[in-house]
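**Q** Under numbering that gives the first Met the number 0, the first residue of the sequence shown carries the number 0, and numbering increases by one thereafter.
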Amino acid sequence: MTRELEIVTVGRVGVDFYAEEPHASLAQARRFQKSVGGSPTNVAVAAARLGRRAAVFTKVGDDELGRYVRTALEREFGVDTRFVGTDPTLKTPIVVAALDPPENPRFVFYREPAAPDSTILPGEIDMDVVRRAPVLWVSAGALAAEPSRSTTRALLAERRRRRHTILDLDYRPSFWPSEDEARHEIGAAVDAATLAVGNRAECEIAVGTAHPDAAADALLARGVEIAIVKLGGDGVLVATGGGRRIVPPLPVDVVCGLGAGDAFGGALCHGLLSGSSPFEAAALANAAGALVASRLLCADAMPTEPELRELLEARRADC
Numbered sequence: 000m001t002r003e004l005e006i007v008t009v010g011r012v013g014v015d016f017y018a019e020e021p022h023a024s025l026a027q028a029r030r031f032q033k034s035v036g037g038s039p040t041n042v043a044v045a046a047a048r049l050g051r052r053a054a055v056f057t058k059v060g061d062d063e064l065g066r067y068v069r070t071a072l073e074r075e076f077g078v079d080t081r082f083v084g085t086d087p088t089l090k091t092p093i094v095v096a097a098l099d100p101p102e103n104p105r106f107v108f109y110r111e112p113a114a115p116d117s118t119i120l121p122g123e124i125d126m127d128v129v130r131r132a133p134v135l136w137v138s139a140g141a142l143a144a145e146p147s148r149s150t151t152r153a154l155l156a157e158r159r160r161r162r163h164t165i166l167d168l169d170y171r172p173s174f175w176p177s178e179d180e181a182r183h184e185i186g187a188a189v190d191a192a193t194l195a196v197g198n199r200a201e202c203e204i205a206v207g208t209a210h211p212d213a214a215a216d217a218l219l220a221r222g223v224e225i226a227i228v229k230l231g232g233d234g235v236l237v238a239t240g241g242g243r244r245i246v247p248p249l250p251v252d253v254v255c256g257l258g259a260g261d262a263f264g265g266a267l268c269h270g271l272l273s274g275s276s277p278f279e280a281a282a283l284a285n286a287a288g289a290l291v292a293s294r295l296l297c298a299d300a301m302p303t304e305p306e307l308r309e310l311l312e313a314r315r316a317d318c
């Protein structure tokens, strides 16, 4: 791919195995489907599905699953893989998910003793790409362990808080040595972002409060230009220096709730690059999340722009 990149994401990658049977535990499930996983990687997939030139800074293992990830990103999803490194000793991580219940699936990360994406070194990052990308999407999970923690700090410093430096608050307790360490690292990263997005629990880790308006206020006070607090079934709160609004969700019959946030992220980036207001971009992102929640897989389920527009038009017609 020779065209200039539009969206670059930073953080984890892996392979997801989704149980096909709804309401079956991992102990009960017998059939699984495989897909590319890792939240920031799937944000890049979602953006690419919407026509954006997307790439990801991450790492896989030198194994069959790592080769599957690289091939799928390139050939199936159109994501630039030039920055997908390979660790010669660690295995590509997996996640196993049970639709128990479908709205809030149970899942287990297998990233021991360490995941390749946690070993990215500063010298493996093209800082020119970091500086120039119109959108940089950073998962807070990349701060959980060294050396990716130092690498993520370095690239955020290099970015110098350019517009659309997006921090996904993305808190996974099992990744971190302690909650206090997560609070310190994620809180510090907020000071390098122009947009922060997370659910109420993640906001509590980042800024010390789970109350949506108070969390948005705290993020804006730290210099974030756009604060997005996810409210689950109540939609999202979008706050800027000029005002705030709750953007309502689009109701769907949920098949699997796991990929909705990644679809939201990719569509949010797409909307912002298209010149939409933060509120309009969030509405588009909600539609993307709803469509993916109505499907089983994550990466494979990411919608196209015509699908999003069709859903939004249908919603307007019903109102």
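Backbone N, C-alpha and C fix where the C-beta goes; we use that ideal spot for every residue, glycine too.
1. Taking only the alpha-carbon atoms, compute the straight-line gap between L295 and V78 and give it to the nearest angstrom.
2. Given 8 Å as the limit, is there contact between the stretch 208-218 and the stretch 254-262, that is, 3 or more CB pairs closer than that?
3. Tell me, please, which residues DSSP counts as bridged to V246.
4. Near P115, what residues of its chain come up, given a Cβ to Cβ distance below 6 Å and the 5 sequence neighbours on each side ignored?
5. Alpha carbon to alpha carbon, how far is N198 from P247?
6. Mind reading off the beta-carbon distance from P121 to S149? Whole number of angstroms is fine, and I expect it under 8 Å.
7. At 3 residues or longer, and completely inside the stretch 88-158: list those beta strand (DSSP E) runs for me, N to C.
8. Three-state secondary structure (DSSP) at D212?
9. Take E279 as the anchor and find which of I225, D299 and P302 has the nearest alpha-carbon.
10. Looking at V95: is its Cβ nearer than 8 Å to the Cβ of F16?
11. Determine, using beta-carbon pairs with one atom in the stretch 236-251 and one in the stretch 265-275, whether at least three such pairs fall under 8 Å.
12. Taking the Cβ atom as the reference point for each residue, do L166 and A188 lie within a distance shorter than 8 Å?
13. Is S34 helix, strand or coil when you go by DSSP?
14. Compare the beta carbon distance of L49 and E304 with 8 Å and say whether it is the shorter of the two.
15. What are the residues that DSSP puts in a beta bridge with G332?
16. I want to know whether the stretch 5-19 touches the stretch 228-243 - three or more CB-CB distances under 8 Å.
17. Where do the N-terminal and C-terminal ends of the alpha helix (DSSP H) with A284 fall, by residue?
18. Using the three-state DSSP reduction, which class does L271 fall into: helix, strand or coil?
19. Taking 8 Å as the limit between beta carbons, can you name the residues of its chain near E178, skipping five residues before and five after?
20. For Y67, which of helix, strand or coil comes out of DSSP?
21. A139 and Y170 look like a contact to me (Cβ under 8 Å); what is the Cβ gap, rounded to whole Å?
22. Judging by CA-CA distance, which residue of L283, A23, V291 and D125 is the nearest neighbour of R315?
23. From the DSSP output, in three-state form, read off D169 for me.
24. If you count every other CB in all the chains shown that lies within 10 Å of the CB of D99, and 16 or more means buried, which is it?
**A** Looking at the atomic coordinates:
1. The alpha-carbon atoms of L295 and V78 are separated by roughly 21 Å.
2. Taking one beta carbon from each stretch, the stretch 208-218 and the stretch 254-262 have fewer than 3 pairs nearer than 8 Å; the two do not touch.
3. Residue pairing from DSSP places V246 in a beta bridge opposite V235.
4. Counting only Cβ-Cβ distances below 6 Å, and skipping sequence neighbours, we find K58, V59, G60, D86 and L89.
5. In this structure, the CA atom of N198 is about 15 Å from the CA atom of P247.
6. Confirmed, Cβ separation roughly 7 Å.
7. Counting whole runs of 3 or more residues, the stretch 88-158 contains the beta strand (DSSP E) stretches 93-97, 105-109 and 134-138.
8. Residue state, collapsed to three classes: helix.
9. The shortest C-alpha to C-alpha distance from E279 to any of I225, D299 and P302 is the one to I225.
10. Cβ distance < 8 Å, so V95 and F16 count as in contact.
11. The stretch 236-251, when compared against the stretch 265-275, does not touch it at the 8 Å Cβ threshold.
12. A contact, by the Cβ cut-off of 8 Å.
13. Correct three-state label for S34: strand.
14. For L49 and E304, yes; Cβs fall inside 8 Å.
15. Residue 332 falls outside the range modelled here, since the chain spans only 0 to 318, and no answer is possible.
16. Three or more Cβ pairs closer than 8 Å define a contact, and the stretch 5-19 falls short of that threshold against the stretch 228-243.
17. P277 to A292 is the span of the alpha helix (DSSP H), which, as asked, contains A284.
18. L271: helix per DSSP, three-state reduction.
19. Cβ neighbours of E178 beyond the five flanking positions: P172 and I204.
20. DSSP places Y67 in helix when its eight states are reduced to three.
21. In this structure, A139 and Y170 form a Cβ contact; the two beta carbons are roughly 6 Å apart against a cut-off of 8 Å.
22. Measuring from the Cα of R315, the nearest candidate turns out to be L283.
23. D169 falls in the coil class under three-state DSSP.
24. D99 is buried by the Cβ-count criterion.
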